[in-house]
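Inspection log for the structure reproduced underneath, given as structure tokens.
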Amino acid sequence: MAKNSIINDKKRFIEELRSIRSAGNVLATCIYLGFSRPTMYYWRKNDEEFDHNWSEAVAEGLETRADEAENALRLAVTKDRNITAIIFTLKNLKPERYREKFDIENTGRVASNALKPGFLVTLSRLGKQADAQLGRSR
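Here the sequence shown is numbered in the working numbering, starting from 43 and rising by one per residue.
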């Protein structure tokens with residue numbers, strides 16, 4: 043395949059990707075546009091401009107999807123009075139007030155001698171061995 047043809051394919055891929063806003067689903071986009079997934083990843087790896095354009099298109103697509111999800115959530119909260127959607131919205135918009143809170147209480151004892159005897163000696167010895175192997179001195 044000629045170099046110009048590949049460049050045109052890459053440009054068409056990015057233009058189509060932006061127009062259909064299907065960023066976020068690589069396989070579906072590749073199938074729709076008639077490119078193999080490995081080809082797209084090869085282009086990303088070996089062409090900085092393509093990778094940059096791809097990343098921008100993905101970000102735009104994800105932003106669009108997020109907007110659509112927020113719209114659907116807004117409708118679920120206001121129109122349908124969906125309790126799950128209301129709880130989800132409150133937890134995400136005001137987490138300091140609505141997040142789930144847990145109280146943890148320790149009823150056991152905390153041992154002050156939790157380390158086994160000789161542990162620090164062994165740790166020190168291993169550190170010295172590593173230093174010797176790496177040619178470092180303390």
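Yeah, the Cβ is synthetic: ideal placement off N, Cα and C, and Gly gets one too.
Helix, strand or coil at residue i according to DSSP, with G and I counted as helix
i	result
K23	Residue 23 lies beyond the range of the chain shown here (43 to 180); nothing can be said about it.
K87	helix
I146	coil
N113	helix
N124	coil
N50	helix
Option nearest residue i by Cα separation, candidates the options
i	options	result
R54	L69, Q175, N95, K87	N95
A111	N50, A127, K87	A127
V68	S47, E91, L104	L104
R141	T149, T131, E147, N148	T131
E90	F144, K143, I49	I49
Contact belief for residue i with residue j at Cβ below 8 Å, rounded distance in angstroms
i	j	result
K52	W85	6 Å
E98	L75	Contact flag wrong, Cβ pair sits at about 17 Å.
Query raised in the report: If we count Cβ pairs, one from each stretch, closer than 8 Å, do we get three or more for the segment 113 to 125 versus the segment 79 to 90?
Result: no
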